[in-house]
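Asker: Numbering follows my numbering, in which position 283 of the sequence shown is assigned residue number 283; successive positions increment by one, without gaps. Beta carbons are placed, not taken as given, at the ideal position from N, Cα and C, and that holds for glycine.
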Amino acid sequence: MDVVEVTEGKTRFFVPRQDPHLQFPPGSGPVFYNSRMELNRDTTVLLLSVLRPGSYLDAMGASGVRGLRVAHEDGIPVTINDWNTKAVDLIQQNVEALGLAAEVTREDANVLMSGRTFDAVDLDPFGTPAPFVDSAARSAGNYLFVTATDTAPLCGAHLKAGMRRYFSRPRNTEYHAEVGLRTLMGFVVREVIKYDRGVEPLFCYAHEHFHRLHLRLRYGAAAADRALARLGYVMQCPQCLYRSEQAGMLPEPEECPLCSADLVPVGPLWTGRINDDATLAAMQEALPAVTVGTGARIGRLLATCRQELDTSSHYDYHVIAKHLRVSPGGIGTVIEQLQALGYRASRAHYSGTAIKTDAPLPVLEKVISGG
């Protein structure tokens with residue numbers, strides 16, 4: 001295998017040489033490695049430096065870089081698994097070169113997770129994590145981390161695929177990144193609570209081509225019931241920009257108060273908070289001491305997530321301005337004006353034109369129009 005040396009964080013490792021002329025270079029190597037996911041891995045290394053779990057499973061290692069970094073940079077006992085012989089051989093070579101005590105296994109991920117328990121389990125597949133979440137929910141002792149890169153099905157752009165994989169009916173709205181993140185969260189929660197375990201989000205975000213969940217698991221039916229109570233729907237008007245939230249496993253018919261159209265349910269999805277402020281604060285405090293290539297971007301991401309409201313959708317102020325046929329002021333000014341009127345308002349971490357607010361839509365339209 002023709003390999004090249006790469007450095008992420010404090011970790012140097014070898015990956016297969018890729019063809020840079022292809023549309024998707026990571027697909028050209030015999031073992032998968034995607035450099036564009038560095039921020040994803042950086043945030044996990046940072047979070048684990050705060051959480052310090054007793055053991056960690058990188059269930060679908062591929063090049064093994066995530067597990068290698070956790071072992072090398074966080075000093076946590078790590079198991080790196082992959083079903084591909086070439087991947088396992090490469091991972092083992094990197095483990096030995098780094099002098100790590102990490103365990104390397106070659107098993108079907110579902111089989112491995114069905115037979116063993118790890119304090120933290122990490123799913124980072126190419127595409128959907130859906131076929132692996134059930135076994136991961138049984139294997140994870142205290143923490144479950146999940147990445148999904150099939151953003152089109154999660155966001156409603158590929159509706160039937162989203163319904164098949166996540167047992168939800170997403171909708172391709174202007175707040176599709178939020179829909180995707182919360183659809184994934186809702187699916188994972190439903191897979192966990194059937195084992196009488198609850199879920200508490202620690203750090204969950206949407207970024208470019210992926211959604212990422214970092215979750216703490218709690219034991220007991222009461223914890224599961226608390227998580228169940230946070231499942232629900234975004235009720236979207238098909239005629240105007242109005243939307244509301246509705247709790248419950250099955251949506252109740254609802255009429256738009258602005259135009260009287262029947263609201264369309266989007267979900268089921270997670271309607272609770274997606275981040276834990278104490279965890280984000282601890283990550284901010286730890287960030288300067290952690291070597292990560294995307295540190296500046298992580299700093300901005302954490303700061304935005306800490307002030308972001310917990311609403312399950314946002315309004316795109318450019319979409320509203322286009323609908324009203326006006327030229328809007330700056331987004332910061334709009335948010336300040338909403339707050340001055342006594343409403344809560346914030347940006348969203350995944351979009352520069354998103355406004356989260358508890359202000360009624362007519363009030364938001366009035367502020368944006370300068371009325």
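Among Ala348, Trp83, Ala97 and Val234, which one has its Cα closest to the Cα of Thr168?
Answerer: Your numbering for residue 168 matches position 168 in the sequence shown. Residue identity differs from the one stated: residue 168 is Ser in this sequence, not Thr. Of Ala348, Trp83, Ala97 and Val234, the residue nearest in Cα terms is Val234.
Asker: Applying the 10 Å Cβ sphere with the 16-neighbour rule, what's the burial state of Val189?
Answerer: Translated into positions along the sequence shown, residue 189 becomes position 189. Val189 should be labelled buried.
Asker: How many Å lie between Leu22 and Ser28 at the Cα?
Answerer: Residue 22 sits at position 22 when you count from the first residue of the sequence shown. Residue 28 sits at position 28 when you count from the first residue of the sequence shown. Computed Cα separation, rounded: 8 Å.
Asker: Using a threshold of 9 Å, state whether the C-beta atoms of Ala136 and Ala206 are closer than that.
Answerer: Taking the sequence shown and counting its residues from 1, one reaches residue 136 at position 136. Taking the sequence shown and counting its residues from 1, one reaches residue 206 at position 206. Cβ atoms of Ala136 and Ala206: not closer than 9 Å.
Asker: How far does the beta strand (DSSP E) with Leu144 in it extend, from its first residue to its last?
Answerer: Mapped onto the sequence shown, residue 144 falls at position 144. Its beta strand (DSSP E) spans residues Ala140 to Ala148.
Asker: Let me check understanding here. Comparing Cα to Cα, which of Asp89, Ser35, Ser114 and Phe118 lies closest to Ala131?
Answerer: The residue you call residue 131 lines up with position 131 of the sequence shown. Ala is not the amino acid found at residue 131; the sequence shown has Pro there. Per the Cα distances, Ser114.
Asker: Within the chosen definition, does the stretch 298-309 reach the stretch 252-267 through at least 3 CB pairs nearer than 8 Å?
Answerer: No, the stretch 298-309 does not touch the stretch 252-267.
Asker: State buried or exposed for Phe24, treating a residue as buried only when at least 16 other CB atoms are found within 10 Å of its CB.
Answerer: Taking the first residue of the sequence shown as 1, we reach residue 24 at position 24. Classification for Phe24: exposed.
Asker: By DSSP, does Pro285 sit in helix, in strand, or in coil?
Answerer: Reading the sequence shown from its first residue, position 285 is the one you call residue 285. According to the sequence shown, residue 285 is Glu rather than Pro. Glu285: helix per DSSP, three-state reduction.
Asker: Leaving out the 5 sequence neighbours to the left and right, which residues in its chain are closer than 8 Å to Phe210 when beta-carbon positions are compared?
Answerer: For the purposes of this step, residue 210 is identified with residue 210 of the sequence shown, where counting begins at 1. So the list reads Met37, Asn40, Thr147, Ala148, Thr149 and Thr151, once near-sequence residues are dropped.
Asker: Nearest-angstrom Cα distance between Val15 and Ala62?
Answerer: Within the sequence shown, residue 15 is the residue found at index 15, counting from 1. Within the sequence shown, residue 62 is the residue found at index 62, counting from 1. Their backbone Cα atoms lie some 10 Å apart in a straight line.
Asker: Enumerated in chain order, which unbroken segments of the beta strand (DSSP E) with a length of 3 residues or greater are wholly contained in the stretch 46-79?
Answerer: Within the stretch 46-79, the complete beta strand (DSSP E) runs of at least 3 residues are 56-58.
Asker: What does the alpha-carbon distance come out to for the pair Ala140 and Asp358?
Answerer: By 1-based counting over the sequence shown, the position of residue 140 is 140. By 1-based counting over the sequence shown, the position of residue 358 is 358. Each residue's Cα considered, the two are about 36 Å apart.
Asker: Where Leu231 and Leu184 are concerned, what is the direct C-alpha to C-alpha distance, given to the nearest angstrom?
Answerer: Numbered from its first residue, the sequence shown carries residue 231 at position 231. Numbered from its first residue, the sequence shown carries residue 184 at position 184. If I take the Cα positions, the gap works out to 12 Å.
Asker: Taking the beta strand (DSSP E) that His214 belongs to, which residues open and close that run?
Answerer: Counting from 1 along the sequence shown, the entry for residue 214 is found at position 214. That run of the beta strand (DSSP E) goes Phe210 to Tyr219.
Asker: Mind checking who Tyr205 pairs with in its DSSP beta bridge?
Answerer: For the purposes of this step, residue 205 is taken as residue 205 along the sequence shown, with counting starting at 1. Paired residues: Arg212.
Asker: Between Cys237 and Ala354, what straight-line distance do the alpha-carbon atoms span, to the nearest angstrom?
Answerer: Stepping through the sequence shown from its first residue, residue 237 is reached at position 237. Stepping through the sequence shown from its first residue, residue 354 is reached at position 354. The straight-line gap from Cα to Cα measures roughly 18 Å.
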